[in-house]
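*Asks:*
Protein chains: 2
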Amino acid sequence: MATKVNIRDVAKAAGVSVTTVSHALSEAHTSRVNAQTVQHIKAIAGELGYAPNRLARGLRNQRSQILGLVSDEITTTPFAGAMIQGAQDAASEHGHLLMVVNSGLDNELERQEIRALQQHQVDGIIYARMFNQLVSVPDELGAVPAIVLDATTDNPALSSVVPDEFGAGEAAAELLVAAGHRSIAMINNEDDIPAAHGRLAGFRETLLRHGLQLPAGRLVAAHPSTAGGREAALQLLSGTDLPTALFCFNDQMAMGAYQAAGHLGLAIPDDVSIVGVDNLELIADALWPGLSTMALPHYEMGRWAVLKLLNELENPDEPRLHEKIPCPLVERFSVAPPKN
Amino acid sequence: MATKVNIRDVAKAAGVSVTTVSHALSEAHTSRVNAQTVQHIKAIAGELGYAPNRLARGLRNQRSQILGLVSDEITTTPFAGAMIQGAQDAASEHGHLLMVVNSGLDNELERQEIRALQQHQVDGIIYARMFNQLVSVPDELGAVPAIVLDATTDNPALSSVVPDEFGAGEAAAELLVAAGHRSIAMINNEDDIPAAHGRLAGFRETLLRHGLQLPAGRLVAAHPSTAGGREAALQLLSGTDLPTALFCFNDQMAMGAYQAAGHLGLAIPDDVSIVGVDNLELIADALWPGLSTMALPHYEMGRWAVLKLLNELENPDEPRLHEKIPCPLVERFSVAPPKN
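Chains as they are written, first to last, in this note's numbering: chain A, 74 to 413; chain B, 74 to 413.
1. Closer than 6 Å by C-beta to Gln325(B): which residues in its own chain qualify, once you throw out the five before and the five after it? Chain order, please.
2. Between the C-alpha atoms of Gly271(B) and Ser346(B), what's the straight-line distance to the nearest angstrom?
3. By a C-beta neighbour count over all protein chains shown, 10 Å radius and 16 as the cutoff for buried, is Asn60(B) buried or exposed?
4. If I measure Cβ to Cβ from Phe276(A) and keep anything under 8 Å in the same chain, skipping five residues before and after, which residues do I get?
5. Say whether chain D places a C-beta atom closer than 8 Å to the C-beta of Trp377(B).
6. Residues in its own chain within less than 6 Å of Gly375(A) by CB, not counting five upstream and five downstream?
7. According to DSSP, Cys321(B) sits in a beta bridge with which residue or residues?
8. State yes or no: is the C-beta of Glu385(B) within less than 8 Å of the C-beta of Ser232(B)?
9. Quick one: does Ile266(A) have its CB under 8 Å from some CB of chain B?
10. Across which residues does DSSP place Pro392(A) in a beta bridge pair?
11. For chain A, is any of its Cβ atoms less than 8 Å away from the one on Ile187(B)?
12. Give the DSSP bridge partners of Ala295(B), in chain order.
13. Is there at least one Cβ from chain A nearer than 8 Å to Ala409(B)'s Cβ?
14. Can the beta-carbon of Met203(A) be found less than 8 Å from the beta-carbon of Phe239(A)?
15. Taking Ala305(A) as the reference, give the member of Gly329(A), Ala409(A), Asp390(A) and Leu98(A) with the closest Cα.
16. Using the Cβ count rule (16 or more neighbours within 10 Å means buried), how would you classify Leu281(A)?
17. Excluding the 5 residues flanking Ala411(A) on each side, which residues of the same chain have their C-beta closer than 8 Å to its C-beta?
18. Which word fits Lys115(B), buried or exposed, when buried means at least 16 other C-beta atoms lie within 10 angstroms of its C-beta?
19. Can you list, in chain order, the residues of its chain with a C-beta nearer than 7 Å to that of Ala48(B)? Leave out the 5 residues immediately preceding and following it.
20. Leaving aside the five residues before and after Ala87(B) along the sequence, list all residues of the same chain whose C-beta is less than 7 Å from its C-beta, in chain order.
21. Helix, strand or coil: which one does DSSP assign to Val234(B)?
22. Quick one: is Thr313(B) buried, meaning 16 or more other Cβ sit within 10 Å of its Cβ, or exposed?
23. Quick one: which chain A residues come within Cβ less than 7 Å of Met328(B)?
24. What does Thr299(A) touch in chain B if you count any residue whose Cβ is under 7 Å from its own?
25. Who are the neighbours of Gly284(B) on chain A, taking C-beta pairs under 9 Å?
26. Among the residues of its own chain, which have a CB less than 8 Å from the CB of Leu398(A), if the five just before and after it don't count?
27. Tell me, please, whether the CB atom of Arg303(B) is closer than 8 Å to any CB atom in chain A?
28. Excluding sequence positions up to five away, which residues of its chain have a Cβ less than 8 Å from the Cβ of Thr92(B)?
29. For Thr366(B), which of Ser311(B), Ala327(B), Lys381(B) and Gly197(B) has the nearest alpha-carbon?
30. Could you tell me the distance, in whole angstroms, from the CA atom of Val89(B) to the CA atom of Glu120(B)?
31. Against Gln332(B), what residues of chain A qualify as contacts under a CB-to-CB distance less than 8 Å, listed in chain order?
32. Starting from Thr279(B), follow the alpha helix (DSSP H) in both directions and report where the run begins and ends.
33. Under 8 Å by Cβ, that's how I've got Ile139(B) and His167(A) pegged, so tell me the actual separation to the nearest angstrom.
34. How would you list, in chain order, the residues of chain A whose beta-carbon sits under 9 Å from the beta-carbon of Leu231(B)?
35. So with CB distances below 7 Å, who are the chain B contacts of Met172(A)?
36. For the segment 314 to 325 of chain A, enumerate the residues whose C-beta is nearer than 9 Å to any C-beta of chain B, in chain order.
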């Protein structure tokens with residue numbers, strides 16, 4: 074490397090603190106510094122030939138430039154890939170290699186793996202779960218800087234990132250209400266997890282804001298699978314006073330709702346509109362017609378976790394954050410106005 | 074470790090070569106030694122307190138005990154997880170950590186990652202593709218022992234493992250013929266890849282063996298997606314002299330065939346039987362009725378690659394192998410005898 078400019082040189086030249094420079098030049102925190110200051114700092118950094126991805130390089134001699142990602146269930150989840158890709162891309166861009174290890178649900182193996190990562194002197198560990206949950210992180214994690222991905226923790230030393238579940242429910246309700254629906258049902262996941270509570274709360278509160286109720290008969294909780302969604306939809310779509318729209322906890326349950334509608338001779342979206350959550354391409358894109366759904370931000374969460382962890386490695390006193398990433402709507406063809 | 078018995082001690086005590094001991098005690102190669110010799114060697118190894126997973130431990134001082142897995146498209150494939158899990162389990166059982174890196178389709182990034190793995194002194198590299206293809210491995214791979222997973226290569230120095238595509242086609246034909254079908258069609262993948270050629274050849278040859286043809290009008294090649302399968306099935310299931318059974322290149326195309334059958338008012342399996350390949354749980358298990366399909370052996374391929382690589386690390390003169398792993402039938406509810 075030709076230049077040896079470090080973050081302190083930039084801070085001095087710009088007349089601001091090291092933390093402010095770090096925030097201004099980090100993707101994750103640029104919003105925490107006012108725009109004019111960011112511009113000023115970027116100009117100074119440019120003049121001096123300093124760039125944020127040298128943060129890490131400048132410390133190459135003290136660090137291994139490896140981050141470890143410990144996950145529980147790579148095998149059984151279709152989402153792992155996007156989360157790992159997001160983490161990988163952010164790590165690569167900052168000159169780090171990502172070492173992924175997978176413990177399954179075996180706590181002892183997980184502890185061994187964390188110790189092994191430490192023996193291989195990883196700079197930090199991303200502790201990833203494959204769905205949003207509250208975790209107690211293993212004690213082994215205390216020995217090295219770490220961050221929690223797709224889970225929350227009561228450990229105040231660790232930042233974490235999860236999807237904005239409440240926002241996903243809100244957006245689904247807004248979509249259906251905007252299309253003109255008034256008789257709306259929800260098929261929720263029966264499991265006691267943050268995603269089920271958050272999506273329901275966002276959905277229900279948004280309906281209320283529009284003067285609509287979600288009565289008990291219009292809310293069914295089931296196993297979060299295609300079969301669970303199918304059974305729930307068969308129940309909701311039989312009888313009298315049928316809903317004209319269904320919000321399903323996930324795309325797999327929405328696939329079950331498609332099967333139920335087909336079985337009952339109801340056309341999607343003309344007889345019933347359906348919305349999911351996940352944007353699991355293999356399902357949402359494959360259903361006929363394509364499923365409108367809120368995308369879970371796995372790629373973005375993976376990126377955020379790595380960027381925030383690198384930031385905390387550089388600045389150990391960085392405040393810890395508990396981030397919620399929005400779930401954007403991906404519109405396909407499963408929502409239309411109700412028939413009358 | 075209490076004992077320092079090594080593979081040479083076992084070979085000497087058993088009166089056989091080190092290679093024979095290695096074969097006899099390795100999951101991957103035990104079939105290459107006669108059963109009596111295997112028993113003899115295992116008895117000696119037991120007496121001496123030697124076990125195959127000490128192969129690696131005995132060399133701890135010379136090796137990093139890390140294997141690298143380089144893959145191309147973790148993100149976009151639902152199969153990556155099972156392959157990584159198989160590799161991970163085999164590595165863990167033998168005291169190794171698996172470091173997974175993902176290059177996307179970026180050749181330059183892949184080269185950088187391979188160099189980085191070498192800098193971190195991995196003992197060997199598993200070069201994984203996400204579907205069976207012929208690859209030219211990058212030159213960087215020459216510097217460290219390596220094996221090719223879910224691909225073949227013309228590099229004679231490297232062993233490789235792929236699914237038995239021909240066998241998958243054979244098994245699908247046997248299943249449909251045994252159910253009594255005589256008018257059978259195939260929806261193939263239009264891409265020029267080993268899986269498409271192998272499955273078709275196995276399917277066609279097996280039909281011929283039973284005195285049945287696969288005429289041009291009963292073979293449609295399409296994009297290997299749900300939409301591709303749907304279009305092909307709409308074509309095959311319209312008109313006169315309809316087939317009573319469809320063999321689909323993969324589960325996604327089979328999902329499209331279900332949609333086409335539903336659209337045409339045909340019941341599965343009573344009006345048309347459908348068979349896929351993949352056993353992608355998210356689809357095969359979610360379809361209604363469940364899809365009978367040949368499972369791609371991703372977990373087993375991942376295991377085989379690691380076991381064979383560890384074997385070659387221990388015995389560099391081991392013959393290189395090009396293994397084909399069987400694709401077992403997973404029966405669900407999509408095949409029944411034809412109506413008349």
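Glycine is no exception: its CB is placed at the ideal position from the N, C-alpha and C atoms. Given the structure is predicted, the values throughout are model-derived calculations rather than measurements.
*Replies:* Short version:
1. Ser298 and Thr299
2. 22 Å
3. Outside the shown range of chain B (74 to 413) lies residue 60(B), about which nothing can therefore be said.
4. Gly242, Glu243, Ala245, Ala246, Met259, Leu287 and Phe320
5. Absent from the structure: chain D. Protein chains present are A and B.
6. Excluding positions up to five away in sequence, the list reads Met156, Gly159 and Ala160.
7. Ile260(B)
8. yes
9. no
10. Its beta-bridge partners do not exist; DSSP assigns none.
11. no
12. Paired residues: Asn262(B).
13. no
14. no
15. Per the Cα distances, Gly329(A).
16. exposed
17. According to the sequence displayed, residue 411(A) carries Pro and not Ala. Taken in chain order, the residues that qualify are Ala252, Gly253, His254, Arg255, Ser256, Thr317, Ala318 and Ser346.
18. Buried is the call here.
19. Because chain B in this structure spans residues 74 to 413, residue 48(B) falls outside the shown range and cannot be described.
20. Val94, His113, Ile114 and Ile117
21. Strand, per DSSP.
22. Exposed.
23. Met328(B) reaches chain A at Ala359, counting residues in chain order whose Cβ is nearer than 7 Å.
24. Ala359
25. Those within 9 Å of Gly284(B) in chain A number zero; the least Cβ separation is about 36 Å.
26. It is worth fixing the name first, because residue 398(A) is Ile in this sequence and not Leu. Around Ile398(A): Val234, Val235, Pro236, Asp237, Pro370, Glu373, Met374 and Trp377.
27. yes
28. Asn388, Asp390 and Glu391
29. Ala327(B)
30. Near 16 Å, if we compare the C-alpha coordinates of Glu120(B) and Val89(B).
31. Trp361
32. Pro267 to Arg282
33. Going by Cβ atoms, the distance from Ile139(B) to His167(A) rounds to 22 Å, so no, they are not a contact pair.
34. Ordered by position in chain A, no residue passes the 9 Å Cβ test against Leu231(B), which lies about 23 Å from the chain.
35. Met172
36. Gln325
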